[in-house]
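From first to last, the protein sequence lines stand for chains E and F. Reminder that position 88 of the first sequence reads as 115 in the working numbering, one-by-one numbering, no gaps. Reminder that position 57 of the second sequence reads as 114 in the working numbering, one-by-one numbering, no gaps.
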Amino acid sequence: SQQGEEDPQALSIQEGENATMNCSYKTSINNLQWYRQNSGRGLVHLILIRSNEREKHSGRLRVTLDTSKKSSSLLITASRAADTASYFCATDAMSSGGGADGLTFGKGTHLIIQP
Amino acid sequence: DVKVTQSSRYLVKRTGEKVFLECVQDMDHENMFWYRQDPGLGLRLIYFSYDVKMKEKGDIPEGYSVSREKKERFSLILESASTNQTSMYLCASSPDSFNQPQHFGDGTRLSIL
Numbered sequence: 028s029q030q031g032e033e034d035p036q037a038l039s040i041q042e043g044e045n046a047t048m049n050c051s052y053k054t055s056i057n058n059l060q061w062y063r064q065n066s067g068r069g070l071v072h073l074i075l076i077r078s079n080e081r082e083k084h085s086g087r088l089r090v091t092l093d094t095s096k097k098s099s100s101l102l103i104t105a106s107r108a109a110d111t112a113s114y115f116c117a118t119d120a121m122s123s124g125g126g127a128d129g130l131t132f133g134k135g136t137h138l139i140i141q142p
Numbered sequence: 058d059v060k061v062t063q064s065s066r067y068l069v070k071r072t073g074e075k076v077f078l079e080c081v082q083d084m085d086h087e088n089m090f091w092y093r094q095d096p097g098l099g100l101r102l103i104y105f106s107y108d109v110k111m112k113e114k115g116d117i118p119e120g121y122s123v124s125r126e127k128k129e130r131f132s133l134i135l136e137s138a139s140t141n142q143t144s145m146y147l148c149a150s151s152p153d154s155f156n157q158p159q160h161f162g163d164g165t166r167l168s169i170l
């Protein structure tokens, strides 16, 4: 079943502005990952944040994780036209038996950066 | 860099055909995955494999099977293709299923007529 849900489904901003996408999930997780997908291509891993971390940075990307609210956000600062893509969160959920069940992806946020 | 290669970018087959989608990775990863991606539904896991000859069902295994005879190759098989299997199929690999990023191929857009 679908674990992560991104919000908004679509986002259009001007180049240079910041873009924020949110992800909510339902069950306990080991980690949460964000991926980017350019049109017609496969997914590219952006960043992984573990359940005991609250914030992580990578270049212009900032990810936060709030396990009490079961939510995460991805912030892209100083956006560029090349950031136009779909962004997915993926959770590594714990099964009821204590082992992991593999990644479960949300439906994605389609980000458009207007030049 | 890790390279995951899917044998075809586009494929058109007919209802009832047996269809093979091939995926090869060059980084000696233990784990490989097959997903399908549909508009409005996101990515859904079909099957995954932890090791040669090992396989586990994902969320939507019905109508599919897989084969992993060699570590670098993971095949998805549609036993008798149906129109509802028209989709984008994505293969991925990782050195560890649950704590490492997955590396994706560029996908195979499969149309079943």
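For glycine and all other residues, C-beta sits at the position ideal for the given N, C-alpha and C. It should be emphasised that the depicted structure is a prediction, and the values quoted were computed from it without experimental measurement.
Sorted by chain position, which residues of the same chain lie with C-beta nearer than 6 Å to residue i's C-beta, five sequence neighbours on each side aside?
{"i": "F/Asp85", "result": "none"}
{"i": "F/Arg130", "result": "Val81"}
{"i": "F/Gln63", "result": "Cys80, Cys148, Gly162, Thr165"}
{"i": "E/Arg89", "result": "Leu102"}
{"i": "F/Lys60", "result": "Asp83"}
{"i": "E/Ser123", "result": "Note that E/Ser123 scores 42 on pLDDT, short of 50, meaning its location in the model is unreliable and no value can be drawn from it."}
{"i": "E/Ser85", "result": "Ile74"}
{"i": "E/Thr104", "result": "Asn45, Arg87"}
Within 10 Å of its beta-carbon, does residue i have 16 or more other beta-carbons around it, so buried, or fewer, so exposed?
{"i": "F/Val69", "result": "exposed"}
{"i": "F/Val123", "result": "buried"}
{"i": "E/Gln60", "result": "buried"}
{"i": "F/Pro96", "result": "exposed"}
{"i": "F/Arg71", "result": "exposed"}
{"i": "F/Leu170", "result": "exposed"}
{"i": "E/Ala207", "result": "A question about residue 207 of chain E goes unanswered here, because the residues of chain E that appear run from 28 up to 142."}
{"i": "F/Ala138", "result": "buried"}
{"i": "E/Lys134", "result": "buried"}
{"i": "E/Glu44", "result": "exposed"}
{"i": "E/Ser66", "result": "exposed"}
For residue i and residue j, what's the separation of their Cα atoms in angstroms?
{"i": "E/Gly126", "j": "F/Ser65", "result": "Low confidence applies here, because E/Gly126 scores a pLDDT of 42, under 50, leaving its location unreliable and the question unanswered by this model."}
{"i": "F/Asp111", "j": "E/Arg107", "result": "Looking at the sequence itself, residue 111 of chain F is Met, so the reference to Asp does not match. So the two alpha carbons sit approximately 43 Å from each other."}
{"i": "F/Leu98", "j": "F/Gly73", "result": "25 Å"}
{"i": "E/Arg143", "j": "E/Ser98", "result": "As displayed, chain E neither begins before 28 nor continues past 142, which places residue 143 of chain E out of reach and without an answer."}
{"i": "E/Ser28", "j": "F/Asp116", "result": "At E/Ser28 the pLDDT is 42, less than 50, meaning the model places this residue with poor confidence; the figure from the coordinates comes in the next sentence. Roughly 7 Å separates the two Cα atoms."}
{"i": "E/Leu92", "j": "F/Lys75", "result": "44 Å"}
{"i": "E/Asp119", "j": "E/Asn58", "result": "5 Å"}
{"i": "E/Lys53", "j": "E/Arg77", "result": "16 Å"}
{"i": "E/Leu130", "j": "E/Glu42", "result": "32 Å"}
{"i": "E/Lys96", "j": "F/Phe77", "result": "42 Å"}
{"i": "F/Gln159", "j": "E/Asn79", "result": "21 Å"}
{"i": "F/Phe90", "j": "F/Arg125", "result": "11 Å"}
{"i": "F/Leu133", "j": "F/Pro118", "result": "10 Å"}
{"i": "E/Cys50", "j": "E/Leu73", "result": "15 Å"}
{"i": "F/Lys114", "j": "E/Gln64", "result": "25 Å"}
{"i": "E/Arg68", "j": "E/Glu33", "result": "20 Å"}
{"i": "F/Thr140", "j": "F/Tyr104", "result": "20 Å"}
{"i": "F/Leu135", "j": "F/Tyr92", "result": "13 Å"}
{"i": "E/Lys83", "j": "E/Ala109", "result": "22 Å"}
{"i": "F/Tyr146", "j": "F/Tyr121", "result": "12 Å"}
Note down, in chain order, each residue of its chain lying with its Cβ closer than 7 Å to the Cβ of residue i, except the 5 sequence neighbours on either side.
{"i": "E/Thr111", "result": "Leu138, Ile139, Ile140"}
{"i": "E/Phe132", "result": "Gly31, Phe115, Ala117"}
{"i": "F/Asp108", "result": "Glu87"}
{"i": "E/Pro35", "result": "Thr136"}
{"i": "F/Tyr67", "result": "Arg166"}
{"i": "F/Gln157", "result": "Ser151"}
{"i": "E/Ser39", "result": "Ile139, Gln141"}
Quick one: measure Cβ to Cβ for residue i and residue j, integer angstroms, because I've assumed they're closer than 8 Å.
{"i": "F/Leu100", "j": "F/Gln94", "result": "5 Å"}
{"i": "E/Ser113", "j": "E/Thr47", "result": "With 8 Å as the limit, E/Ser113 and E/Thr47 do not qualify as a contact, their Cβ atoms being about 15 Å apart."}
{"i": "E/Tyr143", "j": "E/Leu70", "result": "Given that chain E is displayed from residue 28 to residue 142, the structure contains no residue 143 of chain E and the question cannot be resolved."}
{"i": "F/Thr143", "j": "F/Ser168", "result": "5 Å"}
Excluding five sequence neighbours on each side, which residues of the same chain lie with their C-beta closer than 8 Å to the C-beta of residue i?
{"i": "E/Arg81", "result": "Thr91, Leu92, Asp93"}
{"i": "F/Lys127", "result": "Val109"}
Mind listing the chain A neighbours of residue i? Cutoff is C-beta to C-beta under 7 Å, in chain order.
{"i": "F/Asp163", "result": "Protein chains E and F are contained in the structure displayed, whereas chain A is not."}
- Message: Beta carbons nearer than 7 Å to chain E: which residues of the segment 132 to 147 of chain F have them?
- Response: Leu147
- Taking only beta carbons into account, state which residues of the segment 50 to 71 of chain E come closer than 9 Å to chain F, listed in chain order. Asn57, Asn58, Gln60, Tyr62, Gln64, Gly67, Arg68, Gly69, Leu70, Val71
- Item | the segment 64 to 81 of chain F: positions lying closer than 8 Å to chain E by Cβ | none
- Task: Taking only beta carbons into account, state which residues of the segment 99 to 129 of chain F come closer than 9 Å to chain E, listed in chain order.
- Result: Gly99, Leu100, Arg101, Leu102, Phe105, Glu113, Gly115, Asp116
- Task: Below 9 Å between beta carbons is the criterion; list the residues of the segment 129 to 142 of chain E that meet it against any residue of chain F, in chain order.
- Result: Gly129, Leu130, Thr131, Phe132, Gly133, Lys134, Gly135
- Message: By the 9 Å beta-carbon criterion, what residues does the segment 75 to 107 of chain E contribute toward chain F?
- Response: Leu75, Arg77
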